[in-house]
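Down below is the structure, laid out as structure tokens.
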Amino acid sequence: MRTIDLSPLYRSFIGSDHLASLVDAATRAEKQSSYPPYNIELLGEDKYRVTMAVAGFSKDDVTIEVQENTLTVTGKKADDEKEATEERKFLHKGISERNFERKFQLGDHVKVLAADMEHGLLHIDMERVIPEAKKPRQIEIGSRLIENK
Numbered sequence: 001m002r003t004i005d006l007s008p009l010y011r012s013f014i015g016s017d018h019l020a021s022l023v024d025a026a027t028r029a030e031k032q033s034s035y036p037p038y039n040i041e042l043l044g045e046d047k048y049r050v051t052m053a054v055a056g057f058s059k060d061d062v063t064i065e066v067q068e069n070t071l072t073v074t075g076k077k078a079d080d081e082k083e084a085t086e087e088r089k090f091l092h093k094g095i096s097e098r099n100f101e102r103k104f105q106l107g108d109h110v111k112v113l114a115a116d117m118e119h120g121l122l123h124i125d126m127e128r129v130i131p132e133a134k135k136p137r138q139i140e141i142g143s144r145l146i147e148n149k
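Going left to right, the sequence shown walks through residues 1 to 149 as the numbering used here numbers them.
This is the structure in structure tokens:
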């Protein structure tokens, strides 16, 4: 596996630590397991949806947490449900019901709006909400200048 040395970024550019930490987080994300499978959809210009296949999990088994710019989805089966599953005899077990934790790095100003579970799919809706101070604004030519007094 390749490793990237980011120390020149830290030495040369002031304020690039945010960019370097995003690259670090992306390389850590490669080490995550591929379970459960998921889709990321673009619903509109600034609207997104993450859909995860969580067959066998109920709403009570899944937790969704946002901390800083990281969305964490955790699935944990209750111990009594595990015991009931172990008693059953499977000829073929293709539906994995193992515990999981999946992390997604969110961009700046991306807010999680809602989550819903239907037909074994967990849907998490997000939107980028750019504050007014960060939006581009147009300056009218001929507007009054501040005069030196």
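All C-beta atoms in this analysis are idealised placements derived from N, C-alpha and C, irrespective of residue type, glycine included.
- If you draw a straight line from the Cα of residue 63 to the Cα of residue 141, it is about 52 Å long.
- The beta carbon of residue 115 is closer than 6 Å to those of 64, 124 in its chain, skipping five residues each way along the sequence.
- Here the alpha carbons of residue 36 and residue 118 stand approximately 16 Å from one another.
- Under the DSSP assignment, residue 45 falls outside any beta strand (DSSP E); it carries neither an H nor an E label.
- When rounded, the separation of the alpha-carbon atoms in residue 144 and residue 102 is 53 Å.
- Three or more Cβ pairs closer than 8 Å define a contact, and the stretch 63 to 77 meets that threshold against the stretch 99 to 113.
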